[in-house]
Amino acid sequence: MAAILDAQGLNKSFGAVTAASDINVAVEKDSVLGLIGTNGAGKTTFINMITGYLKPDRGRIHYEGRDITALAPRDITRIGICRSFQIPQLYASLTAFENMMIGIGVVLQNAGRGGFLSRGQPLVPGYDLPAEEVAERLLERFGLAQYRDKNAQVLPGGVRKLLDIALTMVAKPKILLLDEPTSGVSAEEKFAIMEMIMKAVRAEGTTVLFVEHDMEVVSRFAERVLAFYDGRIIADAPPEQALNDPEVKRFVVGGALQKLDEAQAGPRA
Amino acid sequence: MSAGHAPRTLALILAVILAVGPFAPQWILFLLTIALAKGLVVLGLMLLLRCGLVSFGQALYYCIGAYAAGMLGRYLGIRDLVTLMLAGMAAAAFAAWVLGFLLARYRGIFFGLLSLALSMILYGLLLKTEALGSSDGFHVLPSTLFGVRPADAWVRYAVLAVAAVAAFIAALLVHRYLDTPLGRLAPAIKDNEIRVEYMGASARYAIHVKYVIAAALAGLGGALAATTVGHVDPEMAYWTTSGEFIFITILAGTGSVIAPFLGALIFGIIHTVAFGLSPNTWQMVLGASLLAVIVFLPNGLWSVFRRRKAA
Chain S
474 MAAILDAQGL NKSFGAVTAA SDINVAVEKD SVLGLIGTNG AGKTTFINMI TGYLKPDRGR
534 IHYEGRDITA LAPRDITRIG ICRSFQIPQL YASLTAFENM MIGIGVVLQN AGRGGFLSRG
594 QPLVPGYDLP AEEVAERLLE RFGLAQYRDK NAQVLPGGVR KLLDIALTMV AKPKILLLDE
654 PTSGVSAEEK FAIMEMIMKA VRAEGTTVLF VEHDMEVVSR FAERVLAFYD GRIIADAPPE
714 QALNDPEVKR FVVGGALQKL DEAQAGPRA
Chain P
746 MSAGHAPRTL ALILAVILAV GPFAPQWILF LLTIALAKGL VVLGLMLLLR CGLVSFGQAL
806 YYCIGAYAAG MLGRYLGIRD LVTLMLAGMA AAAFAAWVLG FLLARYRGIF FGLLSLALSM
866 ILYGLLLKTE ALGSSDGFHV LPSTLFGVRP ADAWVRYAVL AVAAVAAFIA ALLVHRYLDT
926 PLGRLAPAIK DNEIRVEYMG ASARYAIHVK YVIAAALAGL GGALAATTVG HVDPEMAYWT
986 TSGEFIFITI LAGTGSVIAP FLGALIFGII HTVAFGLSPN TWQMVLGASL LAVIVFLPNG
1046 LWSVFRRRKA A
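Chains as they are written, first to last, in the working numbering: chain S, 474 to 742; chain P, 746 to 1056.
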């Protein structure tokens, strides 16, 4: 199958720290990728480079055959790559519904609809429905209908996460990058929330890349796993194969256990 | 979001002004016209404030509008009020379009102080320009309306009527603009600019557009003030003039496109009454009234109507 996203030879350093070292990833259309790795392994740097927040020192990123390496985040969003954030980025003083309406407004504006001289209610591209209806539908789809008129700043953490992801869906992205969609969500709710997110997102045929620390979530939802360590990709394979890779076991899955062991053993003579 | 009844209320206010104007004393007509001129400037400041930006130098565009109108009469003999107002608006909008490329990059205190610095540069330039009367400024020719100079007793009413219609149109257009996707972005930019960019919009572009609109309104107000007062001087660009506009903005609140005009009118009344009572300490009355508004109505005078509506 053709690659919708193709990152080749990405390198990124911050002073002496290498955050990405020769990253090569081709993402197939309509696939679900899980990105794993310890903190500082380079997962978010990878997402930041794809979405234009960081420019790679070397390497190119192609999306549907087009070089997008130099594009600004807003231009990358406009062509169909959206992202959610580890810490939800919402319009805190506005309600959940108003948050959605802002996002839909941007979609309308980019499509040249709903401008100063337009009459009547413009239809949202991709949905062919008025803005209010699209907002209601998306809130419903993400289980947020009951929080419609609540200010974003007073919403519980898990709900804020869902609203953050629902906001990305107003533009009907072709690729969605989810940065730790279940962080801050209780262990019991993780699967249910992830199930809801994947159902809502995959219904649109969106290709998904998600960063996740819970390996059970990864093995259940990802079709392919990219394991990051020290700015490199140390494994790129289906979940069962990647999670059993000795290097992944040592540096990613077992990383925390190993550190604990070392700490307990104390300094060696 | 903007008040839904604004267009009807605006039309009603316009009708009252036009109907009562002929019977009102001249000083009230003058007070109302100046309130409308200042209200136009504050309407623009309100747009910026909704994005979280406070311009400490909006007098720059007020002054550009006033001088543009005055210079048209002085050098080209153009005296038609509507033409002068449009010219003032266009001159200010053009200046803001150019300066906006710089200012739209800044936020918070940097935006505020940079706008203040630019207005003070104009003040300094005008002070040194003898051809424009230096610190004395110059006299603005009496304006005409569609080629006709109204009879002396009707001049003030005619100018007020034009000002009221202009303010009505400006307020309606801003009201409509606030309801467009670009207009609605203001609170989003104030809350979270990163998210605005990641939704696919340019916060800088949105701010640039609002900055130009705000300047156009200030230029319109400046031209109107120049033709009403019949004189322009560099003080129109001075920081105290900008401060006055911010004062009115805080007094009025940002709840509706009507609020700036209400704020400007109340400011004018407080100013006139306080000055009449105590010519040397009238600023204290202004200060006390602002303090009272901040303490009791932190969202401005307009919040009184909101509360009544909610009750």
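We put the CB at the ideal spot given by N, CA and C, even for glycine.
- Identification of chain S residues near Leu-923/P by a Cβ-Cβ cut-off of 7 Å yields none; the smallest Cβ-Cβ distance measures about 11 Å.
- Ile-575/S belongs to the set of residues whose beta carbon lies under 9 Å from a beta carbon in chain P.
- Taking the CA atoms as reference points, Glu-668/S sits about 26 Å from Val-580/S.
- Where Ala-841/P is concerned, the enclosing alpha helix (DSSP H) starts and stops at 826-848.
- With contact defined as three or more Cβ pairs closer than 8 Å, the stretch 829-844 of chain P and the stretch 811-818 of chain P are in contact.
- Per DSSP, the unbroken alpha helix (DSSP H) holding Leu-774/P starts and ends at 771-795.
- Interface with chain S (9 Å Cβ-Cβ cutoff): Arg-852/P is excluded.
- If you ignore the 5 residues before and after Tyr-851/P, its C-beta comes within less than 8 Å of the C-beta of Leu-859, all in its own chain and listed in chain order.
- Within the same chain, Pro-598 come within 7 Å of Ala-584/S by CB-CB distance, once the 5 residues on both sides are set aside.
- Here Ile-854/P is exposed: its Cβ has fewer than 16 other Cβ atoms, across all protein chains shown, within 10 Å.
- In the structure shown, Asp-652/S falls within a strand segment according to DSSP collapsed to helix, strand and coil.
- Within the stretch 919-944 of chain P, the residues whose Cβ lies closer than 8 Å to some Cβ of chain S are Arg-921, Tyr-922, Thr-925, Pro-926, Leu-927, Arg-929, Leu-930, Pro-932, Ala-933, Lys-935, Asp-936, Asn-937, Ile-939, Arg-940, Val-941, Glu-942, Tyr-943, Met-944, listed in chain order.
- In the DSSP assignment, Gly-853/P falls outside any beta strand (DSSP E) and within the unbroken alpha helix (DSSP H) covering 853-873.
- Non-local beta-carbon contacts of Asp-637/S in its own chain, meaning distances under 7 Å to residues more than five positions away in sequence, involve Ser-557, Phe-558, Pro-561, Gln-562, Leu-563 in chain order.
- Listed in chain order, the positions of the stretch 592-603 of chain S with a beta carbon within less than 7 Å of a beta carbon of chain P would be empty, since no residue qualifies.
- Residues of the stretch 535-550 of chain S with a C-beta atom less than 9 Å from some C-beta of chain P are Ala-545, Pro-546, Arg-547, Asp-548, Ile-549, Thr-550, listed in chain order.
- Nearest Cα to Thr-986/P within the set Ser-800/P, Leu-777/P, Ile-762/P, Ala-756/P: Ser-800/P.
- When secondary structure is reduced to three states using DSSP, Pro-561/S falls in the coil class, being assigned neither helix nor strand.
- Around the beta carbon of Ser-1001/P, a 10 Å sphere encloses 16 or more other beta carbons of the protein chains shown; the residue is thus reported as buried.
- Taking 8 Å as the Cβ-Cβ cut-off, the stretch 941-965 of chain P approaches chain S at Val-941, Glu-942, Tyr-943, Met-944, Gly-945, Ala-946, Ser-947, given in chain order.
- Contact between the stretch 948-956 of chain P and the stretch 906-921 of chain P is not established, with fewer than three Cβ pairs separated by less than 8 Å.
- Under the 9 Å criterion on CB atoms, Leu-581/S is classed as interfacial with respect to chain P.
- With fewer than 16 other beta carbons inside 10 angstroms of its own, Lys-873/P counts as exposed.
- In the three-state reduction of the DSSP assignment, Asn-583/S falls in the helix class, which pools H, G and I.
- Between the alpha carbons of Gln-1028/P and Ile-1003/P lies a gap of roughly 25 Å.
- Residue nearest to Gly-966/P within the set Leu-794/P, Ala-838/P, Leu-759/P, Ala-756/P is Ala-838/P (criterion: CA-CA distance).
- Val-490/S is not a Cβ neighbour of Leu-682/S, given a cutoff of 9 Å.
- Taking a contact to require three or more Cβ pairs closer than 8 Å, the stretch 914-930 of chain P and the stretch 771-778 of chain P do not qualify as touching.
- The C-beta of Thr-517/S comes no closer than 9 Å to any C-beta of chain P.
- Ranked by Cα distance from Arg-723/S, the first of Tyr-702/S, Val-607/S, Leu-506/S is Tyr-702/S.
- Lys-955/P sits in a helix when the DSSP states are folded into three classes.
- Here Glu-980/P has Thr-986 as same chain residues with Cβ atoms under 7 Å from its own Cβ, once five neighbours each way along the sequence are excluded.
- Lys-783/P is positioned such that its CB atom lies no closer than 9 Å to that of Glu-942/P.
- For the pair Leu-785/P and Pro-1024/P, the CB atoms are not nearer than the 9 Å cut-off.
- Among the CB atoms of chain P, one or more fall inside 9 Å of the CB of Ala-644/S.
- With its beta carbon at least 9 Å from every one in chain P, Ser-494/S lies outside the interface.
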